[in-house]
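*Asks:* I'd like to ask some things about the structure below.
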Amino acid sequence: MSLRDFLERFRPVGTPGASATGVAADRTAERAAELEPALAQLTDGQQGAARGVREGAAKRARHWRAHAGPAKCRQLPCWISTCLASAFSAPRRTLTVSMPSV
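In terms of UniProt numbering, the sequence shown has 53 at position 53, counting the first letter as 1, and numbering is strictly consecutive.
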């Protein structure tokens with residue numbers, strides 16, 4: 001509990017006049033109740049976006065598996081070695097990789 005929340009318990013409750021009982025306000029619970037629906041909507045949206053990314057990746061993987069024949073499998077090690085050779089021979093030592101078109 002923060003100092004501010006602790007001090008909020010002692011602030012005046014009600015209007016001046018006849019004495020009445022007061023209940024300490026629970027600001028933390030009020031904030032949680034206010035923000036919970038909005039955060040739940042954001043979570044649902046993010047889960048939907050993540051699902052879309054996973055489905056797109058699965059579709060691309062299926063495409064690569066379907067179109068990767070023996071010739072492409074033989075080319076892949078050469079492509080990797082070419083990328084690595086060009087990356088390590090670059091003066092700035094940066095790794096630049098480009099994917100072959102599908």
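C-beta atoms are modelled at their ideal positions from N, C-alpha and C, and glycine is treated no differently. Keep in mind the model is a prediction, meaning the values are calculated, not measured.
Look at A25 and E8 and say whether their C-beta atoms are less than 8 Å apart.
*Replies:* It is a contact, given that the beta carbons lie within the stated cut-off.
*Asks:* Give me the Cα-Cα distance between W64 and S2, rounded to the nearest whole angstrom.
*Replies:* Approximately 55 Å between the Cα atoms of the pair.
*Asks:* Taking only the alpha-carbon atoms, compute the straight-line gap between A50 and G56 and give it to the nearest angstrom.
*Replies:* Roughly 10 Å between the two C-alpha positions.
*Asks:* How is the alpha helix (DSSP H) around D44 delimited, first residue to last?
*Replies:* It spans R27 to H67 - the alpha helix (DSSP H) in which D44 sits, taken as one unbroken run.
*Asks:* Alpha carbon to alpha carbon, how far is A38 from R11? Give it in angstroms, no decimals.
*Replies:* Cα to Cα, R11 sits roughly 29 Å from A38.
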